[in-house]
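**Student:**
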Amino acid sequence: MRQSTVAEALKVLQWAGVLTWQNRITRAVVRQRDLFGRWSSRWTVIRTSNAYAFRDPQPHLAVVLAAKSENRRGTQNQDVLDPVETPARDPNNALDRALARFGAAVSAKQGIEQDAAG
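If you count the sequence shown from 1, you need to add 2 to reach my numbering.
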């Protein structure tokens, strides 16, 4: 989408009362040279972001009565699986050794963090 298309769409939505927005700005002092080469300071406004808010033009139509359902609330047909057994590690396998070192490092870090927190 082109920037002009988006700007035009935003104007139409604002005109229709569906969208409103607010420019978030901050002020800053800028040092610059004037026409005679002298340094001067001036205040400038910098837009940091925009905040958009959508409004329902017909809020009375937005209210919908909840339908009654035969289904119960919550997750249905949820199966509990048995835990998977961890295979034995091979001390001659480089990947198994690396994973063991990594697991030990993670456990040590968690132990240090728990000691520091409590």
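The beta carbon of each residue, even a glycine, is placed where N, CA and C say it ideally should be.
All of these numbers come straight from a predicted model, not from anything done at the bench.
(1) Can you look up arginine 26 in the DSSP assignment and give me helix, strand or coil?
(2) Measuring CB atoms only, is the segment 42-60 touching the segment 18-33, in the sense that at least three cross pairs come out at less than 8 Å?
(3) Who are serine 51's beta bridge partners in DSSP?
(4) Any idea what DSSP makes of glutamine 60, helix, strand or coil?
(5) Looking at leucine 12 and phenylalanine 56, is the spacing between their C-beta atoms short of 8 Å?
(6) Indicate whether alanine 1 and glutamine 24 have their beta-carbon atoms separated by less than 8 Å.
(7) Based on Cα-Cα distance, which residue from Gly39, Trp41, Pro59, Phe38 lies nearest to alanine 18?
(8) Can you tell which of Gly39, Arg33, Gly113 has its C-alpha closest to the C-alpha of serine 45?
**Tutor:** Let me lay it out:
(1) strand
(2) yes
(3) Arg26
(4) coil
(5) no
(6) This structure gives no information on residue 1, because the portion of the chain shown stretches from 3 to 120.
(7) Pro59
(8) Here residue 45 turns out to be tryptophan, not serine, going by the sequence shown. Cα-wise, what sits closest to tryptophan 45 is Arg33.
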